[in-house]
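Chemist: Input: one structure, supplied below.
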Amino acid sequence: MDIKGVAVKIAREAGLLLKENLGKAGKVEFKGAVNIVTEADRKSEALIIEEIQSNFPDHGILSEESAEIKAASGYKWIIDPLDGTTNYAHGFPFFCVSIGFEASGKVVLGVIYDPVLDELFVAEDGKGAALNGNPIHVSKTGSLDRSLLATGFPYDLRTSKENNLDHFSNFTLRAQAIRRAGSAALDLCYVASGRFDGYWEMRLRPWDVAAASVIVKEAGGTITDFKGSPFSIYGHECLASNGLIHDEMLGVLRKKTPAAKKVKKP
Ligand code: IPD
Ligand code: CA
Ligand code: CA
Numbered sequence: 305m306d307i308k309g310v311a312v313k314i315a316r317e318a319g320l321l322l323k324e325n326l327g328k329a330g331k332v333e334f335k336g337a338v339n340i341v342t343e344a345d346r347k348s349e350a351l352i353i354e355e356i357q358s359n360f361p362d363h364g365i366l367s368e369e370s371a372e373i374k375a376a377s378g379y380k381w382i383i384d385p386l387d388g389t390t391n392y393a394h395g396f397p398f399f400c401v402s403i404g405f406e407a408s409g410k411v412v413l414g415v416i417y418d419p420v421l422d423e424l425f426v427a428e429d430g431k432g433a434a435l436n437g438n439p440i441h442v443s444k445t446g447s448l449d450r451s452l453l454a455t456g457f458p459y460d461l462r463t464s465k466e467n468n469l470d471h472f473s474n475f476t477l478r479a480q481a482i483r484r485a486g487s488a489a490l491d492l493c494y495v496a497s498g499r500f501d502g503y504w505e506m507r508l509r510p511w512d513v514a515a516a517s518v519i520v521k522e523a524g525g526t527i528t529d530f531k532g533s534p535f536s537i538y539g540h541e542c543l544a545s546n547g548l549i550h551d552e553m554l555g556v557l558r559k560k561t562p563a564a565k566k567v568k569k570p
């Protein structure tokens, strides 16, 4: 089986494992004040790593809950075995498995599977993006005022000044509406498929965004940092949009003071 075939197979298998265990009590460990890992994260990760290693023993693997497996081949799998783990632990059915594949430093394949809706997002560099085999494209919404946006908050938001609450406040006053659904990878797939018009988040990790970044690009979306510079999965800022509202979103991200403070009383 080729790399894409294996990625799709293991995303589906890991997704079904997650779905079967949803709602069943499992041990939850705290990695930080609000950052958890469940037994399901670990089971999904074990399944994925085992299958990659048995098919491609000379490939590297960067996966959220394990030490990186380095390899000289120039091939690296970048895995989030359960994106949306807080949702999962609470039985909120919005989560996915995310599998990105990097060749010589470039992510060339993204596979994301939502087992609840049975939605499989796949994109290959230069070959377009698809949802369950059908091509997808970003939305045509032309103004921020009419846009449905998504975001998330870093796990250290209680202790860091850069906690996204300022941007959240500013965008809330400019967009049609904002959702904080709890899975960065699915949020980005929803930008790719036109369900969201834009998305921003800070301090994400490579496994949150590797697969999704290819899916957004191949669906015709724009993805940069908060200054409009090229996006890197190893960077700390992610702004993704349908392209049409990107400049408006960059303008909002440049503001420092929450707009709410400037609103005049009627
Ligand atoms: C998290 C989710 C969440 C985002 C966090 C991520 P996890 O990943 O994608 O939406 O806001 O920044 O860390 O911990 O569920 O894999
Ligand atoms: Ca994640
Ligand atoms: Ca995770």
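Residue numbers (the working numbering): 305 to 570.
Ideal placement from N, C-alpha and C gives every residue a C-beta, glycine not left out.
Predicted model, so just to flag it, every value in this text is computed and none were measured.
1. Around the Cβ of residue 453, are there at least 16 other Cβ atoms within 10 angstroms (buried) or fewer (exposed)?
2. Can you grab the Cα-Cα spacing for the pair residue 327 / residue 393, in whole Å?
3. Restricting to Cα atoms, I'd like to know which of 493, 495 and 530 is closest to residue 505.
4. Which same chain residues, not among the five before or five after residue 307, have their C-beta less than 7 Å away from its C-beta?
5. With respect to 7 Å, is the separation between the Cβ of residue 389 and the closest non-hydrogen atom of ligand 3 below this value?
6. Is residue 425 buried or exposed, if buried means 16 or more other CB atoms sit within 10 Å of its CB?
7. In angstroms with no decimal places, state the Cα-to-Cα distance between residue 401 and residue 465.
8. Taking the straight line between their C-alpha atoms, what separation do you get for residue 364 and residue 432?
9. Output yes or no for whether 8 Å exceeds the beta carbon distance between residue 411 and residue 537.
10. If I'm right that residue 341 touches residue 369 with Cβ under 8 Å, what's the distance once you round it to whole angstroms?
11. What are the residues that DSSP puts in a beta bridge with residue 513?
12. So for residue 312, helix, strand or coil by DSSP?
13. Would you check whether ligand 3 has a heavy atom nearer than 7 Å to the C-beta of residue 386?
14. Can you look up residue 370 in the DSSP assignment and give me helix, strand or coil?
15. Is residue 418 near ligand 5, with its Cβ less than 7 Å from a heavy atom?
16. Would residue 417 and residue 315 qualify as a contact pair, given that the criterion is a beta-carbon distance under 8 Å?
17. Which residue or residues does DSSP assign as beta-bridge partners of residue 473?
18. By the DSSP assignment, the alpha helix (DSSP H) with residue 555 in it spans what residues?
19. Looking at the strands, I want to know which residues DSSP matches up with residue 429.
20. Whole angstroms are fine: how far does the CA of residue 449 sit from the CA of residue 478?
21. Straight-line CA distance for residue 334 to residue 484?
22. Measuring only the C-alpha atoms, how far is residue 351 from residue 498?
23. Sorted by chain position, which residues of the same chain lie with C-beta nearer than 7 Å to residue 541's C-beta, five sequence neighbours on each side aside?
24. I need the DSSP call for residue 495, collapsed to helix, strand or coil.
25. Which residues mark the beginning and the end of the beta strand (DSSP E) in which residue 528 is found?
Modeler: The answer reads as follows:
1. Position 149 of the sequence shown, counting from 1, holds the residue named residue 453. Buried is the call here.
2. Within the sequence shown, the letter at position 23 stands for residue 327. Within the sequence shown, the letter at position 89 stands for residue 393. Here the alpha carbon of residue 327 sits roughly 8 Å from the alpha carbon of residue 393.
3. In the sequence shown, residue 505 corresponds to position 201, counting from 1. For residue 505, the closest C-alpha among the options 493, 495 and 530 is that of 530.
4. Translated into positions along the sequence shown, residue 307 becomes position 3. Counting only Cβ-Cβ distances below 7 Å, and skipping sequence neighbours, we find 405 and 413.
5. The sequence position of residue 389 within the sequence shown is 85, counting from 1. True, at least one ligand heavy atom lies under 7 Å from that Cβ.
6. Position 121 of the sequence shown, counted from the start, is the residue given in the question as residue 425. Classification for residue 425: buried.
7. For the purposes of this step, residue 401 is taken as residue 97 along the sequence shown, with counting starting at 1. For the purposes of this step, residue 465 is taken as residue 161 along the sequence shown, with counting starting at 1. As the crow flies, the alpha-carbon of residue 401 is around 30 Å from that of residue 465.
8. In the sequence shown, counting from the first residue as 1, residue 364 sits at position 60. In the sequence shown, counting from the first residue as 1, residue 432 sits at position 128. Roughly 25 Å separates the two Cα atoms.
9. Reading the sequence shown from its first residue, position 107 is the one you call residue 411. Reading the sequence shown from its first residue, position 233 is the one you call residue 537. In contact: residue 411 and residue 537 (Cβ atoms closer than 8 Å).
10. Working through the sequence shown from its first residue, we reach residue 341 at position 37. Working through the sequence shown from its first residue, we reach residue 369 at position 65. Residue 341 to residue 369, Cβ: 6 Å. Contact.
11. In the sequence shown, the residue the question calls residue 513 occupies position 209. Bridge partners of residue 513: none, in fact.
12. By one-based count along the sequence shown, residue 312 stands at place 8. In the structure shown, residue 312 falls within a helical segment according to DSSP collapsed to helix, strand and coil.
13. Residue numbering aside, residue 386 sits at position 82 when the sequence shown is read from its first letter. Result yes, Cβ under 7 Å from ligand 3.
14. Taking the first residue of the sequence shown as 1, we reach residue 370 at position 66. Looking at residue 370 - three-state DSSP - the assignment turns out to be coil, as it is neither helix nor strand.
15. Absence of ligand 5 from the depicted structure is noted, with ligand 1, ligand 2 and ligand 3 being the only ligands included.
16. Sequence index remark: in the sequence shown, residue 417 carries index 113 (1-based). Sequence index remark: in the sequence shown, residue 315 carries index 11 (1-based). Cβ distance < 8 Å, so residue 417 and residue 315 count as in contact.
17. Here residue 473 is taken as the residue at index 169 of the sequence shown, counted from 1. Beta-bridge analysis with DSSP links residue 473 to no other residue.
18. In the sequence shown, residue 555 corresponds to position 251, counting from 1. Its alpha helix (DSSP H) spans residues 550-558.
19. Stepping through the sequence shown from its first residue, residue 429 is reached at position 125. According to DSSP, residue 429 shares a beta bridge with no other residue.
20. The residue given as residue 478 occupies position 174 in the sequence shown. The residue given as residue 449 occupies position 145 in the sequence shown. Approximately 6 Å, taken between the alpha carbons.
21. Within the sequence shown, the letter at position 30 stands for residue 334. Within the sequence shown, the letter at position 180 stands for residue 484. C-alpha separation (whole angstroms): 21 Å.
22. Translated into positions along the sequence shown, residue 351 becomes position 47. Translated into positions along the sequence shown, residue 498 becomes position 194. Approximately 31 Å between the Cα atoms of the pair.
23. As a first step, residue 541 is located in the sequence shown; it is residue number 237 there, counting from the start. Only 506, 529 and 530 meet the Cβ criterion.
24. Position 191 of the sequence shown, counted from the start, is the residue given in the question as residue 495. Residue 495 falls in the helix class under three-state DSSP.
25. Sequence index remark: in the sequence shown, residue 528 carries index 224 (1-based). Where residue 528 is concerned, the enclosing beta strand (DSSP E) starts and stops at 526-528.
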